[in-house]
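Numbering (our numbering), first residue to last: -17 to 211. These notes concern the structure reproduced below.
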Ligand SMILES: NC(=O)c1ccc[n+]([C@@H]2O[C@H](COP(=O)([O-])OP(=O)(O)OC[C@H]3O[C@@H](n4cnc5c(N)ncnc54)[C@H](OP(=O)(O)O)[C@@H]3O)[C@@H](O)[C@H]2O)c1
């Protein structure tokens, strides 16, 4: 396994993945990561497009009129184009091994009103992109699915400089109070935030041969936040 992030943290090393320091928001970052993964592993069975949110998640609480082109561009580079670029570089290798792609979108792609406009728009594009890739590459043996979480207990919400911190401040709440009220506010039926491992388990299942007949689908892990069928 190979994993990319800008910082090689002890937590990343502990996963057992070979870590690669890479900025996935740059035009050549995703391609370099795939190149290094192929060199390390001798081929590819699975691509997980997980990067998103990141620095670009911040600066969005002011609403649509506060967002200039530069913000949209930065956000789309990380939340949409990183997956496009990684998939383009990985697909020839995935076809060789009849592999799978799992991309992490968001339940906000189905409820664009529920989050920052540039982020949910990018995620809606990501979900549509996964469906189109599944159609094109299914006949060559590659399955493509997306996973769409609701609020997950990660640094995106809990970090000191995170989107969660910014949203709390814009609502004149402490971050702790914001997070305590988030499950109810987001219509989550479990009364708690989602654990990262709960999303990872679904990703691992979709990437595995157990999900051999599942492709072109989007899977919610959102504790019932999306209220439509
Ligand atoms: N948390 C949620 O509530 C939630 C809900 C729905 C969907 N999602 C989606 O789930 C995925 C994971 O989110 P998360 O909550 O785990 O986010 P996170 O806590 O903000 O973690 C982001 C990870 O991505 C890396 N990263 C950020 N910018 C990068 C860049 N330019 N190049 C390479 N790596 C970069 C970060 O490491 P470095 O900073 O060291 O690069 C970090 O490891 C994202 O696609 C997000 O949109 C999250």
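Using N, Cα and C, we set each Cβ at its ideal position, and we do this for glycine too.
| Check | Outcome |
| --- | --- |
| Grab me the residues of residue -15's own chain with a C-beta within less than 8 angstroms of its C-beta, minus the 5 sequence neighbours each way, in chain order. | -6, -3, -1, 0, 1 and 2 |
| Between which two residues does the beta strand (DSSP E) holding residue 159 run? | First-last for residue 159: 157 to 167, but that is the alpha helix (DSSP H), not the beta strand (DSSP E). |
| My parser needs the alpha helix (DSSP H) runs of 4 or more residues fully inside the region 88 to 127; what are they? | 99 to 119 |
| With a threshold of 8 angstroms on Cβ separation, who are the neighbours of residue 93 within its own chain once the five nearest residues in sequence on each side are excluded? | 102, 207 and 208 |
| Alpha carbon to alpha carbon, what distance is there between residue 105 and residue 90? | 7 angstroms |
| Excluding the five sequence neighbours on either side, which residues of its own chain have a C-beta within less than 6 angstroms of the C-beta of residue 123, listed in chain order? | 80 |
| So, is residue 204 buried or exposed, given that buried needs 16 or more other C-beta atoms within 10 angstroms? | buried |
| I want to see whether chain C comes within less than 7 angstroms of residue 22, judged by CB atoms only; does it? | Judged by its chain identifiers, the structure shown contains no chain C, having just a single protein chain. |
| Determine the direct distance from the alpha carbon of residue 83 to that of residue 56, and round the result to whole angstroms. | 24 angstroms |
| Within 8 angstroms, do at least three Cβ pairs link the region 110 to 125 to the region 152 to 162? | no |
| Report back the beta-carbon spacing between residue 88 and residue 31 to the nearest angstrom; my notes put them in contact at under 8 angstroms. | Wrong, their Cβ atoms sit about 12 angstroms apart, outside the cutoff. |
| Three-state secondary structure (DSSP) at residue 49? | coil |
| Considering residue 77, what are the terminal residues of the alpha helix (DSSP H) in which it resides? | 64 to 79 |
| Given residue 17, which residues of its chain have a CB within under 8 angstroms of its CB, disregarding the five upstream and five downstream residues? | 71 |
| Which residue marks the beginning of the alpha helix (DSSP H) containing residue 138, and which one marks its end? | 137 to 140 |
| Look up residue 29 in the DSSP assignment and give the residues it is bridged to. | 83 |
| Under 6 angstroms: does the beta carbon of residue 173 sit that close to some heavy atom of ligand 1? | no |
| On the CB-based measure, 16 or more other CB atoms within 10 Å of its CB, does residue 183 come out buried or exposed? | exposed |
| Pop quiz: residue 97 and residue 61 are said to be a contact at Cβ under 8 angstroms. What is the actual Cβ separation, rounded to whole angstroms? | That pair is no contact at about 11 angstroms. |
| Might you give, ordered along the chain, the residues of its own chain that have their beta carbon closer than 7 angstroms to the beta carbon of residue 53, omitting 5 neighbours on each side? | 41 and 100 |
| Check whether the region 129 to 137 and the region 171 to 186 are in contact - that is, three or more C-beta pairs closer than 8 angstroms. | yes |
| Go to residue 181, then tell me how far its alpha helix (DSSP H) extends in each direction, as first and last residue. | 178 to 189 |
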